[in-house]
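**Student:**
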Amino acid sequence: MSRLLIANDFTEELEESGEPRLATARWHAKRALFFARDHDVLILPEAPDDSFVHYVTALTGTDRSTLAVITPPGAALTPATLTDPAFRDRVRAALTGRTVDAVIPLHPDAAAVDLARGLGLLEAVAGHGFIAQGGGSLANSKAVFRALAAGTGTPVPDGTVCAAVESATGDVHALLEGGHPVIVKHEYRQATKGNEILSPYGGIAPRGAPRLTVLDDRPAVAAYLRDHWGRMTSDGRHRLVVERYFPDSATVFAEFTLTDEGIAAAGQGELLYEPGPSAQIMPVQTVPPELTAELLSGGRELCRALHAMGYRGTVSTDAIVTADGRLFFTEFNGRTTGSTHVYAEIGGRIVGPGHYPLHRVLLEHVAWPVPSFDRAVAALTEAGLAYRPGTRTGVVINTAFDTAYRDVCFCVVAEDLAGARKQREQVLSLFA
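My numbering runs 224 ahead of the 1-based position in the sequence shown.
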């Protein structure tokens with residue numbers, strides 16, 4: 225049996241659709257190789273380097289000779305690409321002689337369902353009815369999240385969803401007037417790129433947002449939102465989430481897999497920011513067990529609502545733990561995330577087969593500057609840091625080489641958090 229994996233990180237809701245965004249999508253999509261099994265067909269926006277394919281398949285035990293990789297002429301898996309008749313014919317040709325039992329898009333986009341329908345594989349897409357009617361947008365909307373969280377009694381920070389600059393001005397000012405910093409969020413943008421922190425005072429580390437702006441009265445709030453409304457809402461096409469911001473909070477997540485059979489816990493961890501995403505630790509290590517239990521139970525409750533709506537696939541439920549020990553959920557993401565391949569494929573497949581529970585800590589570091597992918601692999605090997613199956617410890621490079629930023633991401637596998645942090649510093653010293 226074969227699966228058709230569609231590495232579509234780019235959808236119509238994601239803005240910044242110029243070349244920098246497309247380049248990021250091309251690079252990030254190559255992580256789909258970690259999910260590949262024998263005889264799978266992968267649709268990627270750009271062909272991965274041979275060294276990356278060899279490295280990943282050697283770790284996962286996949287027979288690379290059985291894989292097929294298809295790339296579009298425009299190097300972008302946009303909805304227009306996936307619905308192009310000529311591209312569809314190329315996919316059909318690659319599937320000749322293979323029996324496909326699952327079509328799995330990284331992002332639940334209607335264009336992926338349309339592709340499967342054209343190939344006669346509609347029933348192989350889990351939750352295809354929901355996705356075809358725009359359900360993927362609902363499962364990735366920060367505004368829809370707040371509505372479902374309120375409806376299920378899930379704890380969220382004080383805040384609102386605003387479709388007009390006037391209502392946003394009043395809601396932001398009310399929080400600022402109460403002495404609370406505010407985080408405003410674009411409804412769809414990922415990886416903190418659509419977030420901003422507005423505060424009545426300075427001196428705050430803007431974790432989870434690229435910038436902090438101090439606003440001292442309502443006229444200042446009104447002027448700022450009016451001047452930046454187009455950027456914050458994609459010229460009013462999307463809504464703005466206004467939410468109380470808690471400085472010095474920890475950010476945690478729990479992912480779940482939703483199938484016709486039900487909801488299963490998949491992975492959980494912590495995100496680190498400097499101020500953008502810089503690392504993640506799996507499973508949760510520094511949060512008290514009772515709050516981790518609350519994260520898992522609250523996340524499952526949110527997933528019940530999405531499951532009832534018809535969503536099938538991976539869901540990440542994100543939350544913060546405040547400095548005084550309270551947990552609030554902040555969003556969900558109905559897609560394969562940047563964490564999924566770390567815990568599921570590196571943790572569960574490369575490290576974990578036959579070893580339950582895992583008894584390992586995974587620490588992924590984002591953006592390690594290196595001369596090339598091959599030089600990075602060689603440096604890890606020469607330093608004795610590369611992953612060792614015998615001890616189930618060491619370092620796995622878990623992305624392709626990013627030619628724009630000239631870096632990779634890596635995942636340390638260690639027996640405890642202290643050991644993982646020590647190995648991370650050793651890796652970062654290799655090309656210092």
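All C-beta atoms, glycine included, are put in the ideal place defined by N, C-alpha and C. The structure presented is a predicted model; accordingly, all values stated were derived computationally and were not measured.
With a threshold of 16 other CB atoms inside 10 Å of the CB of PHE480, please say whether the residue is buried or exposed.
**Tutor:** The residue labelled residue 480 in the question sits at position 256 within the sequence shown. Classification for PHE480: buried.
**Student:** Please classify SER521: does DSSP put it in a helix, a strand, or coil?
**Tutor:** Indexing the sequence shown from 1 puts residue 521 at position 297. Reduced to three states, the DSSP call for SER521 is helix.
**Student:** Go ahead and pull the three-state DSSP assignment for LYS366.
**Tutor:** Here the question's residue 366 lines up with position 142 in the sequence shown. Three-state DSSP puts LYS366 in a helix.
**Student:** Can you tell me which of ARG616, THR541 and GLU498 puts its alpha carbon nearest to the alpha carbon of GLU518?
**Tutor:** What you label residue 518 is simply residue 294 of the sequence shown in a count that begins at 1. Here the closest residue by C-alpha is THR541.
**Student:** How long is the line joining the alpha carbons of LEU291 and GLY377, rounded to whole angstroms?
**Tutor:** Locating residue 291 in the sequence shown gives position 67, where the first residue counts as 1. Locating residue 377 in the sequence shown gives position 153, where the first residue counts as 1. In a straight line, the C-alpha of LEU291 is about 45 Å away from that of GLY377.
**Student:** Please classify PHE258 as buried or exposed, where buried requires at least 16 other C-beta atoms within 10 Å of its C-beta.
**Tutor:** Along the sequence shown, one-based indexing puts residue 258 at 34. Counting Cβ neighbours within 10 Å, PHE258 comes out buried, since at least 16 surround it.
**Student:** Please tell me whether ASP640 and VAL585 are closer than 8 Å, where the distance is taken between their beta carbons.
**Tutor:** For this step, residue 640 is matched to residue 416 along the sequence shown. For this step, residue 585 is matched to residue 361 along the sequence shown. Closer than 8 Å, so yes.
**Student:** Hey, ASP233 and HIS331 are a contact pair by Cβ (cut 8 Å); roughly how many whole angstroms apart?
**Tutor:** Along the sequence shown, one-based indexing puts residue 233 at 9. Along the sequence shown, one-based indexing puts residue 331 at 107. Their Cβ separation, rounded to whole angstroms, is 6 Å, which keeps ASP233 and HIS331 in contact under 8 Å.
**Student:** I'd like the span of the alpha helix (DSSP H) that includes GLU390, first residue to last.
**Tutor:** Residue numbering aside, residue 390 sits at position 166 when the sequence shown is read from its first letter. Segment 389-401, the alpha helix (DSSP H) holding GLU390.
**Student:** Quick check on SER275: does DSSP put it in helix, strand or coil?
**Tutor:** The residue you call residue 275 lines up with position 51 of the sequence shown. Of the three classes helix, strand and coil, the one that applies to SER275 here is helix, per DSSP.
**Student:** In whole angstroms, what is the alpha-carbon distance linking MET533 and LEU372?
**Tutor:** Position 309 of the sequence shown, counted from the start, is the residue given in the question as residue 533. Position 148 of the sequence shown, counted from the start, is the residue given in the question as residue 372. Their backbone Cα atoms lie some 11 Å apart in a straight line.
**Student:** Tell me whether PRO434 sits in a helix, a strand or coil according to DSSP, three-state version.
**Tutor:** Residue numbering aside, residue 434 sits at position 210 when the sequence shown is read from its first letter. PRO434: coil per DSSP, three-state reduction.
**Student:** Grouping DSSP H, G and I as helix and E and B as strand, with all else coil, what is GLN647?
**Tutor:** Counting from 1 along the sequence shown, the entry for residue 647 is found at position 423. Helix, per DSSP.
**Student:** Using the three-state DSSP reduction, which class does ASP441 fall into: helix, strand or coil?
**Tutor:** As a first step, residue 441 must be located in the sequence shown, where it is residue number 217. If DSSP states are grouped into helix, strand and coil, ASP441 belongs with coil.
**Student:** For THR564, which residues from the same chain have a beta carbon less than 6 Å from its beta carbon, with the 5 sequence-adjacent residues on both sides left out?
**Tutor:** The residue you call residue 564 lines up with position 340 of the sequence shown. Excluding sequence neighbours, THR564 sits near THR538.
**Student:** Taking ARG468 and GLY383 to be in contact with their CB atoms under 8 Å, please state how far apart those CB atoms are, rounded to whole angstroms.
**Tutor:** Translated into the one-based positions of the sequence shown, residue 468 becomes position 244. Translated into the one-based positions of the sequence shown, residue 383 becomes position 159. Right, the Cβ-Cβ distance comes to about 6 Å (below 8 Å), so this counts as a contact.
**Student:** Counting C-beta neighbours from all protein chains within 10 Å, is the total for GLY285 16 or more, i.e. buried, or is it exposed?
**Tutor:** The residue you call residue 285 lines up with position 61 of the sequence shown. With fewer than 16 Cβ atoms within 10 Å of its Cβ, GLY285 is classed as exposed.
**Student:** So, with DSSP's three-state summary, where would you put GLU347?
**Tutor:** Here the question's residue 347 lines up with position 123 in the sequence shown. Residue state, collapsed to three classes: helix.
**Student:** Taking only the alpha-carbon atoms, compute the straight-line gap between VAL575 and ALA568 and give it to the nearest angstrom.
**Tutor:** Mapped onto the sequence shown, residue 575 falls at position 351. Mapped onto the sequence shown, residue 568 falls at position 344. VAL575 and ALA568: Cα-Cα distance of roughly 10 Å.
**Student:** Which residues does DSSP pair with HIS352 in a beta bridge?
**Tutor:** Looking up residue 352 in the sequence shown gives position 128. The partner list for HIS352 (beta bridge, DSSP) is empty, contrary to what the question assumes.
**Student:** How big is the Cα-Cα spacing for LEU587 and ILE355?
**Tutor:** Position 363 of the sequence shown, counting from 1, holds the residue named residue 587. Position 131 of the sequence shown, counting from 1, holds the residue named residue 355. Near 33 Å, if we compare the C-alpha coordinates of ILE355 and LEU587.
**Student:** Give the DSSP-derived three-state secondary structure of LEU266 in the structure shown.
**Tutor:** Start at 1 with the first residue of the sequence shown, and residue 266 comes out as number 42. In this structure, LEU266 counts as strand in the three-state DSSP scheme.
**Student:** Quick test of your reading: ALA433 and THR416, contact by CB under 8 Å. State the CB separation rounded to the nearest angstrom.
**Tutor:** Counting from 1 along the sequence shown, the entry for residue 433 is found at position 209. Counting from 1 along the sequence shown, the entry for residue 416 is found at position 192. Between THR416 and ALA433 the Cβ distance is about 6 Å, and since that is below 8 Å, they are a contact.
**Student:** Look at the Cβ atom of LEU609, then the Cβ atom of VAL619, and state whether they are nearer than 8 Å.
**Tutor:** Locating residue 609 in the sequence shown gives position 385, where the first residue counts as 1. Locating residue 619 in the sequence shown gives position 395, where the first residue counts as 1. Closer than 8 Å, so yes.
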